[in-house]
Amino acid sequence: MLQVNYIRENREKVLERLSVRNFKQPELVDEIIKFDEERRQTQTSLDNLSAIANASAKQVGELMRNGKKEEAELVKAETASNKESIKKLSDELAVVELHLYNALVQLPNLPGEQVPTGSTPEENEVVSLHGEPAQLHEKALPHWELTAKYDIIDFELGTKITGAGFPVYKGKGARLQRALINFFLDRATEAGYKEMQVPLMVNEASGFGTGQLPDKEGQMYHSTVDNLYLIPTAEVPVTNLYRDVILKEDDLPIKNTAYTPCFRREAGSYGAHVRGLNRLHQFDKVELVQVVHPDKSYETLEQMSAYVQSLLQELGLHYRVLRLCGGDMGFVAAMTYDMEVWSAAQQRWLEVSSVSNFEAYQTNRLKLRYKGATGKTQLAHTLNGSALALPRIVAAILENYQTEDGIKIPEVLVKYTGFDKID
RNA sequence: GGAGGGAUGCCUGAGUGGCCGAAAGGAACAGUUUGCUAAACUGUCGUACUGGCAACGGUACCGAGGGUUCGAAUCCCUCUUCCUCCGCCA
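Residues 0 to 422 in numbering that gives the first Met the number 0 are what the first sequence lists, from first letter to last.
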């Protein structure tokens with residue numbers, strides 16, 4: 000959520016930045032300014048009336064104490080009409096505040112300066128390309144056939160016990176999952192991130208805090224009896240650890256990492272591109288979350304991007320880095336890098352990580368601030384990134400490392416898997 | 001699941017209808033003193049909205065939301081959460 004004051008004072012700039020996203024409802028900006036104007040007026044009137052009411056109440060108290068009962072009764076009588084106005088105004092205020100809020104949450108974050116204008120994935124900017132595509136033998140298979148051939152991931156079995164998109168990992172497949180999780184967590188710890196283990200279900204307030212609610216309600220599994228949501232990413236619980244918190248400037252930057260399963264309903268997405276591991280309802284991911292000083296967030300974004308790339312390099316995967324164009328970025332992001340690995344068997348790029356700077360968009364809603372040297376509280380900036388999401392990494396490893404007599408395990412993983420080949 | 005007791009500022013903790021945005025102590029920060037450390041002394045020490053160039057004001061907030069009242073941290077209702085005891089249990 001953008002800050003109203005900023006919108007009010009930078010209307011032109013806001014509109015200009017939104018156009019980078021190809022945002023379809025620029026009129027929302029003026030609506031917000033109008034609601035804000037209304038809100039402040041109502042607030043002022045209400046405050047004035049409340050001041051009068053407070054004064055009268057004080058007066059009554061004083062008169063009563065001095066035994067001047069009749070005069071007190073007189074003042075009491077006068078307050079009646081004021082009381083009605085106060086009630087009316089505070090109702091009005093609540094309404095206009097709700098309107099303002101509803102409009103504000105519909106406004107996406109403003110793209111950063113470097114974000115290219117555009118509305119489709121084709122307009123994303125390829126920042127860099129690393130490594131070489133794997134050279135596969137003639138009988139190379141896509142991963143969903145490899146998993147069946149070596150009996151390491153069973154999609155049908157998952158369908159039986161739960162439904163489509165809930166695979167069962169078996170034997171070396173399960174072991175590979177655990178190896179990757181440990182590898183990612185170890186590397187993150189080495190890079191200075193603190194490992195956290197967080198709940199996999201969150202309450203409504205947390206959903207609001209990171210922006211999944213109210214909009215993307217349909218993306219999350221919802222336990223209605225308890226009104227809890229299964230997390231779509233560790234970003235939600237980890238970032239919400241800092242909801243309603245005022246940090247000391249010295250506490251920054253905060254670097255957290257967490258492994259969690261992620262649950263996504265992904266309603267209505269079935270087809271060729273979501274086969275096998277490409278898109279699941281439940282998958283594993285190691286996430287990075289940082290809370291940083293506003294002056295440092297873009298620098299941090301570069302560092303996080305470099306860190307994620309170092310993982311891909313260690314795994315020996317051919318990958319590229321994209322800077323998403325305005326229209327392809329998530330609603331809350333100010334700038335996003337996507338990392339995509341090449342799937343030689345599917346002959347296409349698979350998104351395995353997304354690293355974003357949210358600037359103050361999340362922290363404004365989270366009320367996550369820090370107190371600077373001057374004693375002034377300011378909104379911190381948040382960033383997060385996947386490091387990494389497992390399924391597509393597994394898909395890429397299986398496909399790119401396949402040989403005619405089995406699948407090789409990347410060198411760095413062997414000490415975690417305890418085997419160097421799946422056959 | 002049953003019974004009872006709590007939730008106040010960074011922390012401890014006072015406050016049972018007006019003089020309370022809130023005592024006191026501690027912590028922290030700044031200054032004075034000081035050979036150094038410590039101590040002592042003085043001051044600062046919640047958040048948000050809002051008016052004002054500013055000085056300085058107004059309003060709201062004592063777990064959350066409603067209610068009673070001229071007036072609520074204080075009384076009533078609902079919810080959340082913590083603690084103690086009992087029951088159950090990986």
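The beta carbon of each residue, even a glycine, is placed where N, CA and C say it ideally should be. As the structure is a computational prediction, the values presented were derived from the model and not from experiment.
In the three-state reduction of the DSSP assignment, Gly206 falls in the helix class.
When rounded, the separation of the alpha-carbon atoms in Val320 and Ser385 is 14 angstroms.
Only residues of its own chain outside the window of five on either side were considered, and among them Leu92, Val95, Glu96 and Leu99 have a CB closer than 8 angstroms to the CB of Arg38, listed in chain order. If you check the CB distance, Arg16 and Gly326 do not come in under 8 angstroms. Taking C-beta atoms under 8 angstroms as the contact rule, Glu403 and Lys193 fail to qualify, at a distance of about 44 angstroms. Taking C-beta atoms as the reference points, Leu387 and Ser342 fail to come closer than 8 angstroms. A Cβ-Cβ distance of about 5 angstroms is found for the pair Ile421 and Lys171, placing them in contact under the 8 angstroms criterion.
Around the CB of Ile152, 16 or more other CB atoms lie within 10 Å, so the residue is classed as buried.
The bridge partners DSSP lists for Pro110 come to none. Straight through space, the alpha carbons of Asp294 and Val197 are spaced by roughly 29 angstroms.
Under the criterion of beta carbons closer than 8 angstroms, Met200 and Leu179 do not qualify as touching, at roughly 24 angstroms. Taking each of Leu14, Arg186 and Ser18 in turn and checking the Cα distance to Asp29, the smallest one comes out for Leu14. Note on geometry: alpha-carbon atoms of Asn277 and Ile85 lie some 57 angstroms from one another. The criterion of a C-beta distance shorter than 8 angstroms is not satisfied by Thr376 and Thr362. Closest option to Tyr241, judged by alpha-carbon separation, among Leu365, Ala333 and Leu212: Leu365.
The beta-carbon distance between Asn356 and Ala379, rounded to whole angstroms, is 12 angstroms. This is too long to meet the 8 angstroms contact definition. With distances taken between CA atoms, Pro260 lies nearest to Pro390 out of Lys148, Ala71, Pro390 and Pro409. Given a length threshold of 4 residues, each whole run of the alpha helix (DSSP H) inside the segment 140-224 is given here in chain order: 142-148, 154-160, 171-189 and 203-209. In the DSSP annotation of this structure, the continuous segment of the beta strand (DSSP E) that includes Ala388 starts and ends at His380 to Ala388.
Two segments are said to touch when three or more pairs of C-beta atoms, one from each, lie closer than 8 angstroms; by this definition the segment 122-136 touches the segment 307-317. Around the beta carbon of His136, fewer than 16 other beta carbons sit within 10 angstroms, so the residue counts as exposed. Between Leu300 and Val354, the alpha-carbon positions lie close to 7 angstroms from each other. Rounded to whole angstroms, the separation of the alpha carbons of Leu175 and Phe183 is 12 angstroms. Rounded to the nearest angstrom, the gap between the Cα atoms of Ala54 and Asn81 is 12 angstroms. In this structure, the CA atom of Gly111 is about 25 angstroms from the CA atom of Gly206.
Comparing alpha-carbon positions, the option among Ala52, Arg7 and Thr43 lying closest to Ala79 turns out to be Ala52.
Counting C-beta atoms within 10 angstroms of its own C-beta, Asp185 has fewer than 16 neighbours from the protein chains shown and is therefore classed as exposed. Residue state for Asn81 is assigned as helix, using DSSP reduced to three classes.
Assignment of beta strand (DSSP E) within the segment 230-273, counting only whole runs of 3 or more residues, yields 244-247 and 253-262 in chain order.
With respect to the C-alpha of Arg368, the residue from Ile6, His292 and Leu397 having the closest C-alpha is His292.
Close CB contacts of Phe165 within its chain, under the 6 angstroms cut and outside five residues either way in sequence, are with Gly157, His280 and Gln281 (chain order). The shortest CA-to-CA distance from His221 to any of Leu251, Phe262, Pro115 and Glu234 is the one to Phe262.
The Cβ atoms of Ser296 and Tyr336 lie no closer than 8 angstroms to each other. No Cβ-Cβ contact shorter than 8 angstroms links Val331 with Val288.
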